[in-house]
Every structure is written in structure tokens, then in C-alpha cells.
Amino acid sequence: MFEPDEELIGRVVRQLRRPVAVDPGVDARVMAQIARFPARPGPGTARAGWRWLTRPRTVRLSPLGALAIAAACVAVVLARPDRDSHPAPGSAREFGFVIVAPRAATVSLVGDFNDWDAARTPMQRARKAGSVWTAVIPLSPGRYRYAFLVDGVSWLADPAAPAARDDEFGTASSVVTVGGS
Amino acid sequence: MLRRGLGPLVAATLVAAAAAAQQRDSRLERLDSTTRPIVAALVDSARAAALPTEPLVQRALEGATKRATGDRIVAAVRRLALDLDRARDALGSTASPPELTAAAAALRAGAPPAILTALRRVRRESLTVPLAVLTDLVATGVPVDSAAAAVLSLAAKARDTDLVEFRRTVERDIALGAPPASATAAAAAVQMNAGAHQQRPGRP
Numbered sequence: 002m003f004e005p006d007e008e009l010i011g012r013v014v015r016q017l018r019r020p021v022a023v024d025p026g027v028d029a030r031v032m033a034q035i036a037r038f039p040a041r042p043g044p045g046t047a048r049a050g051w052r053w054l055t056r057p058r059t060v061r062l063s064p065l066g067a068l069a070i071a072a073a074c075v076a077v078v079l080a081r082p083d084r085d086s087h088p089a090p091g092s093a094r095e096f097g098f099v100i101v102a103p104r105a106a107t108v109s110l111v112g113d114f115n116d117w118d119a120a121r122t123p124m125q126r127a128r129k130a131g132s133v134w135t136a137v138i139p140l141s142p143g144r145y146r147y148a149f150l151v152d153g154v155s156w157l158a159d160p161a162a163p164a165a166r167d168d169e170f171g172t173a174s175s176v177v178t179v180g181g182s
Numbered sequence: 193m194l195r196r197g198l199g200p201l202v203a204a205t206l207v208a209a210a211a212a213a214q215q216r217d218s219r220l221e222r223l224d225s226t227t228r229p230i231v232a233a234l235v236d237s238a239r240a241a242a243l244p245t246e247p248l249v250q251r252a253l254e255g256a257t258k259r260a261t262g263d264r265i266v267a268a269v270r271r272l273a274l275d276l277d278r279a280r281d282a283l284g285s286t287a288s289p290p291e292l293t294a295a296a297a298a299l300r301a302g303a304p305p306a307i308l309t310a311l312r313r314v315r316r317e318s319l320t321v322p323l324a325v326l327t328d329l330v331a332t333g334v335p336v337d338s339a340a341a342a343v344l345s346l347a348a349k350a351r352d353t354d355l356v357e358f359r360r361t362v363e364r365d366i367a368l369g370a371p372p373a374s375a376t377a378a379a380a381a382v383q384m385n386a387g388a389h390q391q392r393p394g395r396p
């Protein structure tokens, strides 16, 4: 436990209260150091800059120069990245079609999406399961009628899809509906 | 005087001929020479009435590829044009071509036009999938009234994927032996409860 002596405290206080002698040239040296730092732009500088920006000026431009500037603006507008280039909800999605046709030599997918053209979407025979035929095509939102054409003569509806109700040509078709949400 | 007036006349004729040639669909060349002008006239009439023409062309091409007779092709195209017109009456002039195509199929399946109009009122999103689900359910054997009531109850809040899932559930239950109307009502109730419980902003 330490008990401070009153005599000791008094001596410390007296020592602290003694005036300190400072070199008379210190003020000048400090101010000289401060003056070496670059000055920040003050409010007066900003005001001058704003005045420069807002002061009206007359720009002289030849018709050819004006046309060049206009063409440059058009080029910039046309060359900007297309914001709609990413597939939006409701754009085309890939759909897979599968049919089992063990004895078929060729199978085509035909429907509203390829103008019912049998040559447009030939189906591929699966390597591991030779009786399975597949095709993958992009479809936009909508309702499409389709069917499979086997060996160019036999029409097959898709057993895994709803049947087309309004079948007026004597052979069954199926429907696929592509939604957007 | 005549020579001065001839230039604009020739130009107008050329422009009209070019426009007509541009509108003539080369895909219709696949139809026989008797059927082609009749189908082309039906397509032109639909275009003049601001109806979508692509479904008509596709129906004609389907008939041609399936080697249907010209009479059957013309009858099918004409009937589809009438259905598209009725569909637009029910859905309004703002309906999109896919919506009109789906609505025409729904009408052909027996859906009353009032159901189409009611669907338009309750659903802000596209009606293509709800109408297709309605048509598909009817094709599966669900009575039109049951299918319409179920789709109408779901259409306001269900997303397209939910409606497709609903249709699959009904088809599966029917395949397992459930009566079509009961399967539809049960699946609709499940779908509505799922929507009420989830209350989520939407799947990614």
C-alpha cells in the first residue's frame, strides 16, 4: 500500500508550475514548415470553377462538323450493349421430345414449330437405348401441335403429352404448351 | 399531262404489287393448286380482321404434310379462323396471338366464352397456359364445367409452372383410377392450399 507524502506532492506541484523557457525563434520555424504544405482549394476556387462551367459561350461549328458529331452520337447509341440480349422470362426454352420406336429407321419431329416439315427436325437414336429417339428444340411461349413421323409414313402421337383434341386430318397429334412464369 | 400523271401511278402499282408479293406466304406452295388460293384468301381475310395468321398457315401445312384432302384442309383452316375470331371476342382485342390460339383450342374443346372472359378478368399474366391446361383437362376426360371451375379458381395467383403441375397431378390421378371431376377438384384444392401456405415471392 502506498501513502503519498504531502511534502513530496508539494515539490512535484512546484516543479510543474515553474515557467518553461522557449526559444523565441520556434514560432517562426513552425509557421515556415506549415507554409510548405500545398494549400487546399477553398470555397472561392469551387465558386470560380462553377462560374467557368455555367458561363455561356458561343461554339462555332461547320455543318460537316455537326454531321460528324451527330453520326458519332448515332454510332454510340447503336453500338451500346443490347439490354434485352439476356433471355427474359417468357423467351425461348429448350424442350426435349422422346419417342420409343424400336423398328424405326428414321423418326422426324414435325409440328407448328417447324412448319410441319419432316426434313427440318430429324430425331436422333439414343446410343445406349437404340429404340429411343430424341430431339431437343427451342420453343417460345405458346401452344404447339406436333407428332412424330416414323419412316416417313407412320404418324405417332406423343404418349407422354396431352392429345390434340381438334384433330381434323385423321391422324393423332399431341400438344405442348410453353409457359412464361 | 398524261405522262406527268403516269409516274406516280406506276410507282403506286409497283408498291402495291410488292406489298402483295411480300404478304403472300411462300409456304403455302406446298398446297395443291386448288386448295392454295382458297387458303390464301382465308389467311388474307384473317389478316384484314387483325387475327393471327400463323396458326392458320400451320394448320394448312399440317394438313398438307398429313396428305389430307384439300376440302379437309380448307374446312380446318376456316373453322380455326372462326374459333380465333370467337376467342378474340371473348378475350378482347389486346389478347396476344398465343393467347388467341390457346383460347381457340379451349373453345373447340367446349369451354364457354364466358369462362375465357372471366379468366381475362382474374389473371393479369398471360392466359396461354391456363387456357391450354383447361383444354388438356377436357381432352383427358374432365367435364368442361369442372375443368373451367378449377382453372378459374387457380388462375388468379398460380404461376404457369403451378398450373402445368396441377394438370399433371390430375392426369396421374385419373390414370390411377380417380374419377376425372373428383381428381380435378382435389388437385385444385391441394394447389390452392399450397399457394396459401407458401406465400413466397416466387421461385427463381
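The listed protein sequences derive, respectively, from chains V and L. Take the first sequence: its position 20, counting from 1, is numbered 21 in our numbering, and each next residue is one higher. Take the second sequence: its position 9, counting from 1, is numbered 201 in our numbering, and each next residue is one higher. We treat Cβ as the ideally placed atom computed from N, Cα and C, and that holds for glycine. In this text, all values refer to a predicted model and were calculated from it rather than measured experimentally.
Just to confirm before moving on: does the CB-CB distance between residue i and residue j stay below 7 Å?
{"i": "leucine 248 (chain L)", "j": "tryptophan 117 (chain V)", "result": "no"}
{"i": "alanine 158 (chain V)", "j": "serine 141 (chain V)", "result": "no"}
{"i": "threonine 293 (chain L)", "j": "serine 338 (chain L)", "result": "no"}
{"i": "alanine 298 (chain L)", "j": "leucine 276 (chain L)", "result": "no"}
{"i": "glutamine 308 (chain L)", "j": "leucine 344 (chain L)", "result": "Note that residue 308 (chain L) is leucine in the sequence shown, not glutamine. No; because the gap between Cβ atoms is not below 7 Å, this pair is not in contact."}
{"i": "threonine 327 (chain L)", "j": "alanine 301 (chain L)", "result": "yes"}
{"i": "serine 182 (chain V)", "j": "aspartate 352 (chain L)", "result": "yes"}
{"i": "phenylalanine 170 (chain V)", "j": "alanine 260 (chain L)", "result": "yes"}
{"i": "valine 137 (chain V)", "j": "glycine 97 (chain V)", "result": "yes"}
{"i": "valine 334 (chain L)", "j": "proline 289 (chain L)", "result": "no"}
{"i": "valine 325 (chain L)", "j": "leucine 355 (chain L)", "result": "yes"}
{"i": "alanine 347 (chain L)", "j": "leucine 323 (chain L)", "result": "no"}
{"i": "alanine 232 (chain L)", "j": "leucine 220 (chain L)", "result": "yes"}
Can you grab the Cα-Cα spacing for the pair residue i / residue j, in whole Å?
{"i": "alanine 238 (chain L)", "j": "alanine 106 (chain V)", "result": "40 Å"}
{"i": "glycine 26 (chain V)", "j": "threonine 59 (chain V)", "result": "56 Å"}
{"i": "valine 154 (chain V)", "j": "valine 382 (chain L)", "result": "44 Å"}
{"i": "alanine 378 (chain L)", "j": "aspartate 281 (chain L)", "result": "32 Å"}
{"i": "aspartate 168 (chain V)", "j": "alanine 71 (chain V)", "result": "57 Å"}
{"i": "valine 235 (chain L)", "j": "alanine 69 (chain V)", "result": "47 Å"}
{"i": "aspartate 224 (chain L)", "j": "glycine 112 (chain V)", "result": "20 Å"}
{"i": "isoleucine 230 (chain L)", "j": "alanine 164 (chain V)", "result": "28 Å"}
{"i": "arginine 360 (chain L)", "j": "threonine 226 (chain L)", "result": "43 Å"}
{"i": "arginine 146 (chain V)", "j": "glycine 66 (chain V)", "result": "57 Å"}
{"i": "tryptophan 53 (chain V)", "j": "alanine 47 (chain V)", "result": "10 Å"}
{"i": "proline 304 (chain L)", "j": "alanine 341 (chain L)", "result": "11 Å"}
{"i": "alanine 306 (chain L)", "j": "arginine 216 (chain L)", "result": "35 Å"}
{"i": "alanine 380 (chain L)", "j": "valine 321 (chain L)", "result": "15 Å"}
{"i": "alanine 173 (chain V)", "j": "tryptophan 156 (chain V)", "result": "7 Å"}
{"i": "glutamate 7 (chain V)", "j": "alanine 36 (chain V)", "result": "48 Å"}
{"i": "arginine 61 (chain V)", "j": "threonine 245 (chain L)", "result": "55 Å"}
{"i": "alanine 331 (chain L)", "j": "arginine 316 (chain L)", "result": "26 Å"}
{"i": "glutamate 95 (chain V)", "j": "proline 139 (chain V)", "result": "4 Å"}
{"i": "arginine 30 (chain V)", "j": "proline 57 (chain V)", "result": "47 Å"}
{"i": "glycine 143 (chain V)", "j": "valine 266 (chain L)", "result": "24 Å"}
{"i": "arginine 278 (chain L)", "j": "glycine 180 (chain V)", "result": "23 Å"}
Classify residue i: buried if its beta carbon has 16 or more other beta carbons within 10 angstroms, exposed otherwise.
{"i": "tryptophan 51 (chain V)", "result": "exposed"}
{"i": "glutamate 291 (chain L)", "result": "buried"}
{"i": "proline 20 (chain V)", "result": "exposed"}
{"i": "proline 123 (chain V)", "result": "exposed"}
{"i": "tryptophan 134 (chain V)", "result": "buried"}
{"i": "isoleucine 100 (chain V)", "result": "buried"}
{"i": "glutamine 250 (chain L)", "result": "buried"}
{"i": "isoleucine 366 (chain L)", "result": "buried"}
{"i": "serine 318 (chain L)", "result": "buried"}
{"i": "valine 77 (chain V)", "result": "Unreliable placement is indicated for valine 77 (chain V), whose pLDDT of 43 sits below 50; the coordinate value is still reported in the next sentence. Exposed, since its Cβ has fewer than 16 Cβ neighbours within 10 Å."}
{"i": "glutamate 363 (chain L)", "result": "buried"}
{"i": "threonine 257 (chain L)", "result": "buried"}
{"i": "proline 160 (chain V)", "result": "exposed"}
{"i": "glycine 11 (chain V)", "result": "exposed"}
{"i": "serine 109 (chain V)", "result": "buried"}
{"i": "alanine 268 (chain L)", "result": "buried"}
{"i": "leucine 17 (chain V)", "result": "exposed"}
{"i": "threonine 178 (chain V)", "result": "buried"}
{"i": "leucine 272 (chain L)", "result": "buried"}
{"i": "leucine 9 (chain V)", "result": "exposed"}
From the DSSP output, read off the bridge partner residues of residue i.
{"i": "phenylalanine 149 (chain V)", "result": "V:Leu110 and V:Leu157"}
{"i": "arginine 219 (chain L)", "result": "BP columns for arginine 219 (chain L) are empty, so no partner."}
{"i": "proline 139 (chain V)", "result": "V:Glu95"}
{"i": "alanine 164 (chain V)", "result": "V:Ser175"}
{"i": "arginine 144 (chain V)", "result": "V:Thr178"}
Jot down the residue ranges of each uninterrupted alpha helix (DSSP H) in the segment 234-304 of chain L, minimum 4 residues, whole runs only, in chain order.
Annotation: the segment 234-304 of chain L contains the following complete segments of the alpha helix (DSSP H) (minimum length 4 residues), in chain order: 246-257, 262-283 and 289-301.
Which complete alpha helix (DSSP H) runs does the segment 91-135 of chain V hold, if anything under 4 residues is left out?
None, since the segment 91-135 of chain V contains no complete alpha helix (DSSP H) of that length.
Mind pulling the beta strand (DSSP E) runs of 3 or more residues that sit fully within the segment 305-376 of chain L?
None, since the segment 305-376 of chain L contains no complete beta strand (DSSP E) of that length.
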